[in-house]
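K.L.:
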Amino acid sequence: MSAPTELINWSHLMEMRSSLGDSALQRLVRLFEQNAAHLLQQIDRALASRAWERAAEQLRALSGSLHSVGLPGPGQQAQALQERLLASAPTPEWRRELNRVKQDLQHGSACISVFLQPQSAVAW
């Protein structure tokens, strides 16, 4: 896995800065930052989402309620739905990958913002 700073093509940014000028490049970077912020919100929602767990718990509760009053369980369709919900549950690997992408986006945004600072022209 590459470090987040390796994901940024610094020489390409320098070429864009030379050909477009700072103001056009800054507009492009602001657009990137807006898109990155939106993606980060979506990642946070996905990481916090427990909808699949709640749905599976509700199916289990329904099944238990039916059994407690002497009725048969939720039937094959509900059982198949419960199995699909549990099969689609986010794995620890899935959560780790989303967190890695989130960190890369945050770090990349920070690096590009520093790059666009006027004093950074000398450093690059």
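Note that full-length UniProt numbering has the sequence shown beginning at 1, numbered continuously upward. Heads up, the beta-carbon is just placed ideally off N, CA and C, and yes, glycines get one too.
(1) I'd like to know if the segment 35 to 50 and the segment 88 to 106 are in contact, where contact means that at least 3 CB-CB pairs between them fall below 8 Å.
(2) Once the 5 residues before and after Arg95 are set aside, which same chain residues still bring their CB inside 8 Å of it?
(3) Just the Cα atoms here: how many angstroms apart are Val122 and Met14?
(4) Report, in whole angstroms, the separation of the C-beta atoms of Arg17 and Leu28, which I expect to be a contact under 8 Å.
(5) With Ser23 as the anchor, note down where its alpha helix (DSSP H) starts and where it stops.
P.N.:
Let me lay it out:
(1) yes
(2) Leu47
(3) Unreliable positioning characterises Val122 in this predicted model, as indicated by a pLDDT of 45, which lies under 50. The coordinate reading is nonetheless provided below. Answer to the nearest angstrom: the Cα atoms are 12 Å apart.
(4) With a Cβ gap of about 10 Å, Arg17 and Leu28 do not count as contacting.
(5) 22 to 48
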